[in-house]
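Here is the structure we will look at.
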Amino acid sequence: MTPPALVIAIDGPSGAGKGTVARTVAARLDYRHIDTGAMYRAVAWQARHEGVDLHDAAAVAAVARRAVLSLDPRIVIDGSDVTDAIRTPAIDEAAAIVAQHPPVRAALVERQRQYGAVGGVVMEGRDIGSVVFPCADVKVYLDAEPEERARRRSHDAAHAAGRGQESTARVAEALEARDEADRTRRVSPLRRADDAAYIDTTSLTIDEVVARVMALVEATRGREASVATRSAR
Ligand code: DC
165 MTPPALVIAI DGPSGAGKGT VARTVAARLD YRHIDTGAMY RAVAWQARHE
215 GVDLHDAAAV AAVARRAVLS LDPRIVIDGS DVTDAIRTPA IDEAAAIVAQ
265 HPPVRAALVE RQRQYGAVGG VVMEGRDIGS VVFPCADVKV YLDAEPEERA
315 RRRSHDAAHA AGRGQESTAR VAEALEARDE ADRTRRVSPL RRADDAAYID
365 TTSLTIDEVV ARVMALVEAT RGREASVATR SAR
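For the sequence shown, the working numbering assigns the number 165 to the initial residue and increments by one for each residue that follows.
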């Protein structure tokens, strides 16, 4: 019997390891990996590119609704490949601003639900298990100590562009400020869904975190298979 195509939600703050873990789990399962942070970043990039005021919620939401966006594997918005361009301090800030606008979130959440509608996805973000897919088959909340998250972010090659010799302390400060904005924003703040498995990745390797997530996936598959067998009887 083909295993069911699950929706796997991975949430948590920056530098908790979501990206690498989500990508690896998706590759193991042959699922799609959707990085929803990249969606907010791409919209922020496009809004700036068009000269749209980032504080104008309706104008940015219009960009989010209208833009042609593809995520697999390069991030392309309205024909521009922004895979590298969205990993700069300027876009860190711009994305945090646009992510606070309810109509922007509504537009992107709708796209995210479409991507996940048929299952077979590992979706990472801040509100996937709490808002986008409250009924996700597997929900994981990854976290790590702030110093460790800043250390990882400052060593992350994908985020090297435009950062120059920025110190870990400076990265830590910026990260903490954005996390605080994510946690305290009115709409869909970063929070752990009550039924999400909490994994502190501070002293774990990527392989160890992946193994824990895969164990949750296998447990869910086992449960769903036995329900299917029972109801087929
Ligand atoms: O994960 P990231 O740093 O690439 O996310 C970029 C920004 O988008 C960050 O400010 C958090 C925000 N975000 C969000 O509000 N909801 C999501 N599902 C994903 C990201």
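The C-beta atom is built at its ideal place from N, Cα and C for all residues, glycine as well.
No experiment lies behind these values; they were computed from the predicted model shown.
Can you tell me the Cα-Cα spacing of residue i and residue j, whole angstroms?
i	j	result
A341	W209	20 angstroms
I261	S234	22 angstroms
S331	V295	35 angstroms
I241	S395	45 angstroms
R269	G215	20 angstroms
R187	R376	15 angstroms
V318	T393	Just to set this straight, residue 318 is Ser in the shown sequence, not Val. C-alpha separation (whole angstroms): 49 angstroms.
L193	R316	26 angstroms
Excluding the five sequence neighbours on either side, which residues of its own chain have a C-beta within less than 6 angstroms of the C-beta of residue i, listed in chain order?
i	result
V246	A206, W209 and I239
D307	G176, A180 and D364
R349	Q264
D291	S352
K182	I174, G176, E288 and L306
Using the three-state DSSP reduction, which class does residue i fall into: helix, strand or coil?
i	result
L233	strand
Y204	helix
V216	coil
R196	strand
D141	There is no way to answer for residue 141, as the model of the chain reaches only from 165 to 397.
V227	helix
L170	coil
G243	coil
L380	helix
Would residue i and residue j be called neighbours here (beta carbons separated by less than 7 angstroms)?
i	j	result
V185	V374	yes
Y279	I198	yes
V285	Y195	yes
Since residue i and residue j are thought to touch, with beta carbons under 8 angstroms apart, how far apart are those beta carbons, to the nearest angstrom?
i	j	result
L380	S178	Contact doesn't hold; Cβ gap of about 22 angstroms is too wide.
T200	E288	7 angstroms
G362	R356	Correcting the residue identity first, residue 362 is Tyr in this sequence and not Gly. Their Cβ separation, rounded to whole angstroms, is 6 angstroms, which keeps Y362 and R356 in contact under 8 angstroms.
R385	P167	5 angstroms
Under 8 angstroms Cβ to Cβ from residue i, same chain only, skipping five residues before and after it: list those, please.
i	result
M203	L233, L235, L272, R275 and Q276
A281	none
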